Amino acid sequence: MISFISGRIVETGENKIVLENNGIGYDITVSADTLAKCQNKDDVQLFIYMSVREDSITLFGFYDKTEKEMFLRLITVSGIGPKLASTILSGMSSQQLALKIAVGDHSALSKIKGIGKKTAERIIVELKDKIAVEGESVDWEVQDFDQTPRNISDAIFALMSLGLTKAEALSAVGKVSDKTKPAEEILAQALKRA
1179 MISFISGRIV ETGENKIVLE NNGIGYDITV SADTLAKCQN KDDVQLFIYM SVREDSITLF
1239 GFYDKTEKEM FLRLITVSGI GPKLASTILS GMSSQQLALK IAVGDHSALS KIKGIGKKTA
1299 ERIIVELKDK IAVEGESVDW EVQDFDQTPR NISDAIFALM SLGLTKAEAL SAVGKVSDKT
1359 KPAEEILAQA LKRA
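The numbering used here numbers the first residue of the sequence shown as 1179 and each following residue consecutively.
Structural data, given as structure tokens:
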């Protein structure tokens, strides 16, 4: 099993990076988010998921472990394979996706290419409990933050759904300077500080 590949970017294409390591070029499928983060960089390290099928071996690369963990959760959903999971992560970042799943926003998910209403609902149904903190329901967490502005409570809940404890999530969001921004931006800044 390949955990990660570090190397020099030789070529980029639509959702693809060719990474050269010790004279070998690895053709790696990536999300639009990972591709954007790799722009203007010569050397990168990508976390890898290797998909082995009867007729092919495909490498999927991720700029950070958070995106890879979301990818691994997505492929547990019935009807979603690695290619569709990568497409979903091209439609929105893993942080945005966690937030949309946590709040049950199937309309935002169904706007992603290849995802219809039924698939979006299936993603939410099958992953909501996996993203909820240690099996606690989403409703309980939202009620707990009733007195907190919605953007902040959404960011805190999304951090908790990604594995942070409540104290860690509160601390990370507390370090964000501008708490008037949308939840997605607060979440992104908090993840950098977590």
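Backbone N, C-alpha and C define an ideal beta-carbon position, used for all residues, glycine too. Predicted model only: the values in this text are computed from it and were never measured.
Proximity winner among Gln1223, Pro1260, Lys1289 and Ile1258, relative to Lys1243 (alpha-carbon distances):
Translated into the one-based positions of the sequence shown, residue 1243 becomes position 65. Ranking the options by Cα distance to Lys1243, first place goes to Gln1223.
Backbone secondary structure at Gly1352 - three-state DSSP:
Taking the first residue of the sequence shown as position 1, residue 1352 is located at position 174. It is helical.
Nearest-angstrom Cβ-Cβ length linking Leu1267 and Leu1365, presumed shorter than 8 Å:
Against the sequence shown, residue 1267 aligns to sequence position 89. Against the sequence shown, residue 1365 aligns to sequence position 187. The Cβ separation is near 15 Å, so there is no contact.
Delimiting residues of the alpha helix (DSSP H) encompassing Asp1332
Residue 1332 sits at position 154 when you count from the first residue of the sequence shown. Segment Arg1328 to Ser1339, the alpha helix (DSSP H) holding Asp1332.
Contact set for Gly1235: own chain, Cβ-Cβ below 8 Å, skip 5 residues either direction
As a first step, residue 1235 is located in the sequence shown; it is residue number 57 there, counting from the start. In the sequence as displayed, the identity of residue 1235 is Ile instead of Gly. For Ile1235, the CB contacts under 8 Å within the same chain, skipping 5 residues up- and downstream, are Met1228 and Ser1229 in chain order.
Are the region 1187 to 1206 and the region 1246 to 1256 touching by the rule of at least three beta carbon pairs closer than 8 Å?
With a cut-off of 8 Å on Cβ pairs, the region 1187 to 1206 is not in contact with the region 1246 to 1256, counting fewer than three such pairs.
Using the DSSP secondary-structure output, state which residues sit across from Lys1194 in a beta bridge.
As a working note, residue 1194 is residue 16 in the sequence shown. Beta-bridge pairing links Lys1194 to Gly1191 and Thr1207.
If contacts are defined as beta-carbon pairs under 8 Å, then Leu1369 and Gln1273 qualify, I think. What distance do you get, rounded to the angstrom?
The sequence position of residue 1369 within the sequence shown is 191, counting from 1. The sequence position of residue 1273 within the sequence shown is 95, counting from 1. In this structure, Leu1369 and Gln1273 form a Cβ contact; the two beta carbons are roughly 6 Å apart against a cut-off of 8 Å.
For Ser1288 and Thr1297, the rounded distance between their alpha carbons
To locate residue 1297, count along the sequence shown from 1; it is residue 119. To locate residue 1288, count along the sequence shown from 1; it is residue 110. If you take the alpha carbons of Thr1297 and Ser1288, they lie about 8 Å apart.
Just the Cα atoms here: how many angstroms apart are Ala1333 and Leu1237?
For this step, residue 1333 is matched to residue 155 along the sequence shown. For this step, residue 1237 is matched to residue 59 along the sequence shown. If you take the alpha carbons of Ala1333 and Leu1237, they lie about 31 Å apart.
On the criterion of 16 or more Cβ atoms from any shown chain inside 10 Å, does Thr1265 qualify as buried, or is it exposed?
Here residue 1265 refers to the residue found at position 87 when the sequence shown is read from its first residue. Using a 10 angstroms sphere on the CB of Thr1265, the tally of other CB atoms reaches 16 or more, which defines it as buried.
For Ala1350, tell me which candidate among Arg1251, Lys1359, Gln1367 and Thr1358 has the shortest Cα-Cα distance.
For the purposes of this step, residue 1350 is taken as residue 172 along the sequence shown, with counting starting at 1. Ranking the options by Cα distance to Ala1350, first place goes to Gln1367.
Under 8 Å between C-beta atoms of Ile1253 and Ile1183:
Reading the sequence shown from its first residue, position 75 is the one you call residue 1253. Reading the sequence shown from its first residue, position 5 is the one you call residue 1183. No, the pair does not count as a contact, with Cβ atoms beyond the cut-off.
Buried/exposed call for Thr1212, threshold 16 Cβ in 10 Å:
Sequence index remark: in the sequence shown, residue 1212 carries index 34 (1-based). Buried, by the Cβ-count rule.
Cβ-based neighbour list, Lys1306, same chain, cut-off 8 Å, excluding 5 preceding and 5 following:
For the purposes of this step, residue 1306 is taken as the residue at position 128 of the sequence shown. Around Lys1306: Ile1279, Ala1280, Gly1282 and Val1316.
Tell me, which residues are paired with Phe1225 by DSSP?
Taking the sequence shown and counting its residues from 1, one reaches residue 1225 at position 47. Phe1182 and Phe1240.
Cβ-based burial, Ile1180 [other Cβ within 10 Å; buried from 16]:
Translated into the one-based positions of the sequence shown, residue 1180 becomes position 2. So Ile1180 ends up on the exposed side.
What are the boundary residues of the alpha helix (DSSP H) that Gly1269 is part of?
Here residue 1269 refers to the residue found at position 91 when the sequence shown is read from its first residue. Annotation: the continuous alpha helix (DSSP H) that includes Gly1269 extends over Pro1260 to Gly1269.
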